[in-house]
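A.B. asks: Below is a structure I'd like to ask you about.
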Amino acid sequence: MPDARSTSPLEAPAQRDQPPQEPPSGPPAPPSRVPAWTRGFVALFLIAFLVCGVFAIEAWPLTGWKLFSHPRSANLYGWRAYTFDARGHETKIDFARFPRADRHLPLIMQTYGRLSTQRKDAVCQAWAGRMRGFGVQVSGVRIYRTHVLLRRHRYHRHPPKATRKLFYVCADGKGARRV
Amino acid sequence: MSRVVSRDYFKLDLGVLRADRWLFQPGSARQLAAVRIGLCALVALRVGLRPNLYLDLSQQEASLFRPLSWAKLFDHMPSRGLLLAALIVCVIAAVCATVGFKGRIALPIAWVTAVFLNGFLTSQGKVVHNDVLLLLCLFPLIPARHSDVWSVDAWLARRRGERPPPETSVRYGWPVRTAMVVIAFTYCITGLHKLQFTGFDWASSDNLRWVLYTASDSQNGNSLGLFIADHPLLAHLFAWGTLVVECTFPIALIWPVSRWFYVPGVVGMHAGIYATMHLNYVAMASTVIIVYVNWAWIADRLEQRSGDRRRWRPAPART
């Protein structure tokens, strides 16, 4: 095969795709110029891709590409959710037992504070319903903000003990409220 | 002996700076076909091998639905039946596009259904980037003539006695180059966002160590992640390496030989992320390999080698 056509496995198409010195006889001559609609299509696609990327706009599948871009500090804040029964006894909500799409507590909590009271309560009800399905007595849900000082993690396989602070309470029939 | 590596390969290709001319110059039909085969096979595998990931979405409570982009048209996740139908159509269409059977119809169907399925996957509260690069690189192939060679369609056309398509044409170059640009700027923008939101502290502070400790805790302890996090110098080294590879990836467009650094660089980065954080970006890494490797060159070498072997095979003895 002619080597002028392709020269290395990671080569620029600009070089590797040069037509051979002697064009093959027989086939019709290919168009020498890309049609205007194709140029427009490529231009629009690349502009949309770059605008969404540069300005971090989420118009999925066009995306802002914010991957691990925000700074992390030694103070790690997280969330934990518990159900409680009529006597106030707490049971940790084991999200790993939930259906895959319902497991994402940290993701839900990212926007939880901005939800209406009704929507907040609906989220709690969803979790409470799942826990009832596991045979747990549920009167309401408590959501705690947790804090771990990662600086103390060094040379330890397991994280230092987290401190927690009650943030939201959803009691049956009373709706969700911030503590 | 024929020339193996062009001298141009080591030179800067400043023609890239004239984007219009660079994007729309002639390209190889086989390279475009190889990219079609690779990306469509990847879609078929990603969707076909993880059916429960998509089907389980139907079990989500409506109150936990966090739609993004076009998924906001929906109030909740679609039913299992609809997801299953989309999944079956997606896999069949992606397989058809891979082998190039009715490729120009199958590929858009595979793309639309894959966007549909992954769009709901990303509607759980966090943008899921795993398959986005694959889908974005596949998008320019939708209107392209990707099945002119290395396809069932091409084989059928040959059997009908139709003229073979040209090996190179302006029709074949732009989809692959557009995908190359998308990949290069995806990594560049990702790196620049790190600088925008965190600055050089992303690499010079303990930022990566905290990321690794957190990721390790979510896996009940990850020895490799903890080892790197426990050694700040090592963490800085990986952080700076990530920033350099990401921010400077577009150099791979200008300077072809640098692809020997950038392609293994990002593949290594994704492998490292998987080993330490258990985040699977195999679709991104595979997409980079599929788009940036010169498959036409490899096919040439294989043909040449098999030709040489045939030439040197001793003739059967006649009795």
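Heads up: the sequence lines are chains A and B, in that order.
Heads up: the first sequence begins at 28 in my numbering, then just goes up one per residue.
Heads up: the second sequence begins at -16 in my numbering, then just goes up one per residue.
Glycine included, each C-beta is placed from N, C-alpha and C at the ideal position.
All of these numbers come straight from a predicted model, not from anything done at the bench.
Can you grab the Cα-Cα spacing for the pair Ile273 of chain B / Thr173 of chain A, in whole Å?
C.D. replies: Between Ile273 of chain B and Thr173 of chain A, the C-alpha separation is close to 43 angstroms.
A.B. asks: If the criterion is Cβ atoms closer than 9 angstroms, does the pair Tyr170 of chain B and Val249 of chain B meet it?
C.D. replies: In this structure, Val249 of chain B lies closer than 9 angstroms to Tyr170 of chain B by Cβ.
A.B. asks: Buried or exposed for Pro50 of chain A, please, with buried defined as at least 16 other CB atoms from any protein chain shown within 10 angstroms of its CB.
C.D. replies: Its pLDDT being 49, under 50, Pro50 of chain A is placed unreliably in this model, and the coordinates cannot settle the point.
A.B. asks: With a threshold of 9 angstroms between beta-carbons, can Gln179 of chain B be considered close to chain D, or not?
C.D. replies: In summary, chain D is missing from the structure at hand, where the protein chains are A and B.
A.B. asks: Assuming His129 of chain B contacts Leu90 of chain B under a Cβ cut-off of 8 angstroms, what Cβ separation, rounded to an integer in Å, is found between them?
C.D. replies: Sure, about 7 angstroms apart at Cβ, within 8 angstroms.
A.B. asks: Sort B:Ala16, B:Tyr245, B:Phe232 and B:Ile237 by Cα distance to Phe(-7) of chain B and report the nearest one.
C.D. replies: If we check each option's Cα against that of Phe(-7) of chain B, B:Ile237 comes out closest.
A.B. asks: Tell me, please, whether the CB atom of Trp106 of chain A is closer than 9 angstroms to any CB atom in chain B?
C.D. replies: It does not; no Cβ of chain B falls within 9 angstroms.
A.B. asks: In chain A, which residues lie with their C-beta within 7 angstroms of the C-beta of Leu(-3) of chain B?
C.D. replies: Here the premise fails: no neighbours, minimum Cβ distance about 10 angstroms.
A.B. asks: Which one of A:Phe194, A:Ala189 and A:Ala198 has the shortest CA to CA distance from Asp200 of chain B?
C.D. replies: The shortest C-alpha separation from Asp200 of chain B is found at A:Ala189.
A.B. asks: Starting from Gln107 of chain B, find everything on chain A with Cβ-Cβ shorter than 7 angstroms and list it in chain order.
C.D. replies: Under the 7 angstroms cutoff, chain A gives Ala128, His131 and Leu134.
A.B. asks: Could you tell me whether any Cβ in chain B is nearer than 9 angstroms to the Cβ of Arg205 of chain A?
C.D. replies: Answer no: the Cβ-Cβ gap between Arg205 of chain A and chain B never drops below 9 angstroms.
A.B. asks: Roughly how many whole angstroms lie between the Cα atoms of Ser289 of chain B and Glu44 of chain B?
C.D. replies: Going by the C-alpha atoms only, they are around 58 angstroms apart.
A.B. asks: What residues are listed by DSSP as bridge partners for Gln107 of chain B?
C.D. replies: The partner list for Gln107 of chain B (beta bridge, DSSP) reads B:Arg49.
A.B. asks: For a quick check, are the C-beta atoms of Thr65 of chain A and His112 of chain B less than 9 angstroms apart?
C.D. replies: In this structure, His112 of chain B does not lie closer than 9 angstroms to Thr65 of chain A by Cβ.
A.B. asks: For Ala212 of chain B and Met260 of chain B, what's the separation of their Cα atoms in angstroms?
C.D. replies: Using only the alpha carbons, I get a separation of about 12 angstroms.
A.B. asks: Could you check whether the Cβ of Trp53 of chain B sits closer than 9 angstroms to any Cβ belonging to chain A?
C.D. replies: Interface residue, yes.
A.B. asks: Using a Cβ-Cβ distance under 9 angstroms, would Ser289 of chain B count as near chain A?
C.D. replies: No, no contact with chain A.
A.B. asks: Can you say whether Gln164 of chain A is buried or exposed, counting buried as having 16 or more other CB atoms within 10 angstroms of its CB?
C.D. replies: Result: exposed.
A.B. asks: Quick one: list the residues of chain B neighbouring Ala83 of chain A, beta-carbon separation under 7 angstroms, in chain order.
C.D. replies: Residues of chain B passing the Cβ test: His176.
A.B. asks: Going by the beta-carbon positions, is the gap between Gly182 of chain B and Thr225 of chain B smaller than 9 angstroms?
C.D. replies: Cβ distance not < 9 angstroms, so Gly182 of chain B and Thr225 of chain B don't count as in contact.
A.B. asks: Using a Cβ cut-off of 9 angstroms (strictly closer), state whether Asp30 of chain A contacts chain B.
C.D. replies: Caution is warranted here: a pLDDT of 36 is assigned to Asp30 of chain A, below 50, making its placement in the model unreliable, and no coordinate value can be reported.
A.B. asks: Just how far apart, CA to CA, sit Arg192 of chain B and Pro215 of chain B?
C.D. replies: The alpha-carbon atoms of Arg192 of chain B and Pro215 of chain B are separated by roughly 7 angstroms.
A.B. asks: Which residue marks the beginning of the beta strand (DSSP E) containing Trp106 of chain A, and which one marks its end?
C.D. replies: Per DSSP, Trp106 of chain A belongs to the beta strand (DSSP E) from Asn102 to Phe111.
A.B. asks: Tell me which residue opens and which closes the beta strand (DSSP E) that Phe194 of chain A is part of.
C.D. replies: Run containing Phe194 of chain A: Thr190 to Ala198, per the beta strand (DSSP E) assignment.
A.B. asks: Below 8 angstroms, can you find three or more Cβ-Cβ pairs linking the stretch 138 to 150 of chain A to the stretch 34 to 43 of chain B?
C.D. replies: Verdict: no, contact absent.
A.B. asks: When DSSP builds the beta bridges, which residues end up paired with His174 of chain A?
C.D. replies: Paired residue(s): A:Tyr104 and A:Thr190.
A.B. asks: Starting from the N-terminal side, write out each stretch of the alpha helix (DSSP H) that is 4 residues or longer and does not extend beyond the stretch 50 to 99 of chain A.
C.D. replies: Those alpha helix (DSSP H) runs which fall completely within the stretch 50 to 99 of chain A and span 4+ residues are 63 to 81.
A.B. asks: Identify which residue in B:Leu0, B:Gln8, B:Leu(-5) and B:Pro34 has its Cα closest to the Cα of Pro158 of chain B.
C.D. replies: Cα-wise, what sits closest to Pro158 of chain B is B:Gln8.
A.B. asks: Check Thr151 of chain B in the structure and name its three-state DSSP category.
C.D. replies: Three-state result, Thr151 of chain B: strand.
A.B. asks: Contact between the stretch 44 to 53 of chain B and the stretch 85 to 103 of chain A: three or more CB pairs below 8 angstroms?
C.D. replies: Enough Cβ pairs lie closer than 8 angstroms, so yes.
A.B. asks: Quick one, which of B:Arg292, B:Ile234, B:Gly86 and B:Glu150 has its alpha-carbon nearest Leu(-5) of chain B's?
C.D. replies: Of the candidates B:Arg292, B:Ile234, B:Gly86 and B:Glu150, the one whose C-alpha sits nearest the C-alpha of Leu(-5) of chain B is B:Ile234.
A.B. asks: Return helix, strand or coil for Arg160 of chain B, following the three-state DSSP convention.
C.D. replies: DSSP places Arg160 of chain B in helix when its eight states are reduced to three.
A.B. asks: Taking 9 angstroms as the threshold (C-beta atoms), are Arg169 of chain A and Ala108 of chain A in contact?
C.D. replies: Yes, the Cβ-Cβ distance between Ala108 of chain A and Arg169 of chain A is below 9 angstroms.
A.B. asks: Just to confirm the assignment, what range does the beta strand (DSSP E) spanning Lys119 of chain A have?
C.D. replies: Run containing Lys119 of chain A: Glu117 to Lys119, per the beta strand (DSSP E) assignment.
A.B. asks: Comparing alpha-carbon positions, which option in B:Pro147, B:Ala97, B:Gly251 and B:Ser206 lies nearest Ala68 of chain B?
C.D. replies: The candidate whose alpha carbon is nearest that of Ala68 of chain B is B:Ala97.
A.B. asks: With distances taken between CB atoms, is the gap from Ile92 of chain B to Cys120 of chain B smaller than 9 angstroms?
C.D. replies: Contact: no.
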